[in-house]
Amino acid sequence: MSAHPTIAGFGYHEITDDPSASGFQRTGARPYTLTPRAFAAHLDQMAASEARPMRVTDIDFTRSGRCLVLTFDDGGKSAVHAGDALARRGWTGHFFIVSSLIGTRTFATASDIRYLASCGHVVGTHTHTHPDIFPDLTPERMLEEWRTSGDAISEIVGAPCLTASVPGGDISRQVLESAARAGVQYLFTSEPWLSPRDLAAGARVGGSRGRAVSLHLGALALTPGDRRLSRARPLLPQGGNVPRPHP
Ligand SMILES: [Zn+2]
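Here this note's numbering is used: position 182 in the sequence shown is 249, and no number is missing along the way.
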């Protein structure tokens, strides 16, 4: 078996004391919101461990080792706060943007997104319209969602959009293949895997081969498995429970 890293990830959404000011406003979004204080406590715990959040694009997938990645889905206005909280510690995160919502009342503007990128954070796509059940789309519609948003984000940050996260986190073979066809090289899912897997299930798509990544809570000590990156949701501040698939 070839060497590969074990990657633990934490999938955040809004970091705010005022959920009405950032991100999706439906009720289902609230459980995914952390206060800045609770988020700071998470970062303190990371700082007290050996783990340091890093960019997925900096991970050497041919070597073993343990890596920690932090992601922030949806691109709500609080992304700037989260990015600054990481930057103050010299850390970087991943911000996944819903491109049709850029600049709307509770979502980051193009200028905010450029700022995040200028701080060294990875900016990727979370699709164009955040379809409720992404795996239910036709492969053509999936591809369109990735391409439209990837193009918009690439235009804003002035660099190719190579990273993505799946709305709702649910995947299918078509979801993985559509992302690979759109040029995504690192796809964050919500599968409970700690090891990266080939994005297109072994099929080479467009000559490139991406990887699917997930975030899994508290999984830093687990042993390597097969090849895919996976995400888990962070614990709620009250502790104990892991939220259901995100808004
Ligand atoms: Zn989302």
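Glycine included, every Cβ here is placed at the ideal spot set by N, Cα and C.
query: 8 Å Cβ cutoff met for T129 and A177; result: no
query: Alpha helix (DSSP H) segment containing A246, residue limits; result: 240-248
query: Neighbourhood of P86 by C-beta, 7 Å cutoff - its chain only, sequence neighbours within 5 removed; result: R97, T100
query: Any non-hydrogen atom of ligand 1 within 7 Å of P234 CB; result: yes
query: For L319, three-class secondary structure by DSSP; result: It is not possible to answer for residue 319, since the shown part of the chain is limited to 68 through 314.
query: Exposure of Q252, with buried meaning 16 or more beta-carbon neighbours within 10 Å; result: buried
query: Closer than 7 Å: D265 CB and nearest ligand 1 heavy atom; result: no
query: heavy atom of ligand 1 below 7 Å from D237 C-beta; result: no
query: Meets three-Cβ-pair contact criterion under 8 Å: the segment 226-239 and the segment 142-156; result: no
query: D125 to D84 span [Cα, whole Å]; result: 32 Å
query: P120 to D203 span [Cα, whole Å]; result: 33 Å
query: Three or more C-beta pairs below 8 Å linking the segment 160-174 and the segment 211-229; result: yes
query: Inter-residue CB distance, T171 and G76 (contact presumed, cutoff 8 Å); result: So it is not a contact: roughly 27 Å between Cβ atoms.
query: Which of helix, strand or coil DSSP assigns to D151; result: helix
query: Cβ-heavy atom distance, H161 to ligand 1, below 7 Å; result: no
query: Per-residue DSSP class, three states only, for R133; result: strand
query: C-alpha distance - Q112 paired with R156, whole-angstrom precision; result: 13 Å
query: Distance, A175 Cα to P198 Cα; result: 19 Å
query: Terminal residues of the beta strand (DSSP E) in which V189 lies; result: 189-192
query: CB of V147 within 8 Å of CB of V189, strictly; result: no
query: H188 CB to nearest heavy atom of ligand 1 below 7 Å; result: no
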